[in-house]
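Residues 286 to 522 in this note's numbering are what the sequence shown lists, from first letter to last. Here a beta-carbon is modelled for each residue, glycine too, at the ideal position from N, C-alpha and C. Bear in mind the structure is a predicted one, so any value in this text is a computation, not a measurement. All remarks here apply to the structure that follows.
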Amino acid sequence: MSLVASILYLVMVYAIWTAIDASGQLAVPLSGVLTYVLLGQVVSNSVFTDVEGYLSERVREGTIVNELKRPVSLRLQIYCYLIGKTLFNTLTKGLPVLVIGLLFLDMQTPSMLNAVGFVVALLLSFNLVFAFSFLTSMLVFWTEIGWGIRAMRSNIQDVFSGVLFPLYLLPARVAYFFDLLPFQAMADGPIRIFTMDATGMQMLNIFGLQIFWIIIIAVLGELAWRKAKKKMTVQGG
286 MSLVASILYL
296 VMVYAIWTAI
306 DASGQLAVPL
316 SGVLTYVLLG
326 QVVSNSVFTD
336 VEGYLSERVR
346 EGTIVNELKR
356 PVSLRLQIYC
366 YLIGKTLFNT
376 LTKGLPVLVI
386 GLLFLDMQTP
396 SMLNAVGFVV
406 ALLLSFNLVF
416 AFSFLTSMLV
426 FWTEIGWGIR
436 AMRSNIQDVF
446 SGVLFPLYLL
456 PARVAYFFDL
466 LPFQAMADGP
476 IRIFTMDATG
486 MQMLNIFGLQ
496 IFWIIIIAVL
506 GELAWRKAKK
516 KMTVQGG
């Protein structure tokens with residue numbers, strides 16, 4: 286999402302949540318909800334990846350074979366390529382949204398420890414999103430439609446990770462289901478660190494959960510990649 290689109294989105298979200306609060310149906314402080322949603326955009330803009338688009342373009346053009354001839358793995362090539370894009374997105378999209386929040390919302394700035402923890406969680410979140418994007422991108426070898434797969438994956442992430450709404454508003458049973466999925470470690474975890482809702486051991490638990498899901502999804506991605514390579518071999522790639 287571009288910076289302008291993010292700002293327009295935040296204006297729309299502000300209007301929606303303000304209306305809900307005015308109706309008396311919001312059981313938590315409005316400022317907390319707005320801060321959470323804004324930080325969701327900061328995280329989303331900062332860790333955005335599009336492995337699906339990267340692969341689909343090369344599969345359609347047939348240049349994927351050239352990628353495989355290089356001395357480094359395809360996963361590492363894509364990872365290094367996306368690190369640069371992620372840094373650019375963080376500086377041009379994520380950071381400006383954060384500044385807007387600090388200027389216009391009653392946001393509590395985190396302690397130095399939690400600020401560092403937020404950066405660490407953001408880095409781990411990028412690795413988790415990348416691992417999941419790499420896994421879903423393997424479908425490109427069967428469909429060659431990267432944009433559709435990316436859109437589906439991004440929408441699922443946004444709903445379950447805490448980008449669209451605060452996960453603490455969910456009923457207990459629904460929240461329990463969300464906790465079983467890897468997505469809350471992508472956004473909700475970093476957000477809770479920034480807002481000081483997670484400190485000390487809670488912060489370390491978030492890091493541990495992120496690392497756990499990175500390993501699990503990376504292994505699944507590697508297994509899917511091996512199957513995709515076999516498909517290319519069968520087709521004469």
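* Runs of alpha helix (DSSP H) lying entirely within the region 363-412, each at least 4 residues, in chain order -> Counting only runs of 4 or more, we get 380-389.
* Asked: If we count Cβ pairs, one from each stretch, closer than 8 Å, do we get three or more for the region 405-414 versus the region 461-472?
  -> yes
* Compute the distance between the beta-carbons of ILE434 and GLU342, then report whether it is under 7 Å. => Here the question's residue 434 lines up with position 149 in the sequence shown. Here the question's residue 342 lines up with position 57 in the sequence shown. In this structure, GLU342 does not lie closer than 7 Å to ILE434 by Cβ.
* Are the beta-carbon atoms belonging to ILE476 and LEU324 less than 7 Å from one another? -> On the sequence shown, position 191 is the one that residue 476 refers to. On the sequence shown, position 39 is the one that residue 324 refers to. Taking 7 Å as the Cβ cut-off, ILE476 and LEU324 qualify as a contacting pair.
* Along the alpha helix (DSSP H) that carries ASP443, what are the first and last residues, could you check? => One-based indexing of the sequence shown puts residue 443 at position 158. Counting along the chain, the alpha helix (DSSP H) containing ASP443 begins and ends at 431-446.
* Under the three-state reduction of DSSP, which class applies to LEU503: helix, strand or coil? -> Locating residue 503 in the sequence shown gives position 218, where the first residue counts as 1. At residue 503 the sequence reads Ala, which differs from the Leu that was named. Reduced to three states, the DSSP call for ALA503 is helix.
* Top-ranked residue by Cα proximity to VAL298, from LEU367, ALA503, ILE478 and PRO451 -> Against the sequence shown, residue 298 aligns to sequence position 13. Closest in alpha carbon position to VAL298, among LEU367, ALA503, ILE478 and PRO451, is PRO451.
* What do you reckon, are the CB atoms on THR375 and SER331 nearer than 7 Å? -> The residue given as residue 375 occupies position 90 in the sequence shown. The residue given as residue 331 occupies position 46 in the sequence shown. Closer than 7 Å, so yes.
* Distance, Cα to Cα, THR377 vs ALA460? -> Looking up residue 377 in the sequence shown gives position 92. Looking up residue 460 in the sequence shown gives position 175. Approximately 33 Å, taken between the alpha carbons.
* Reduced DSSP category for SER287 - H, G, I as helix; E, B as strand; rest coil -> As a working mapping, residue 287 is identified with position 2 in the sequence shown. Three-state result, SER287: coil.
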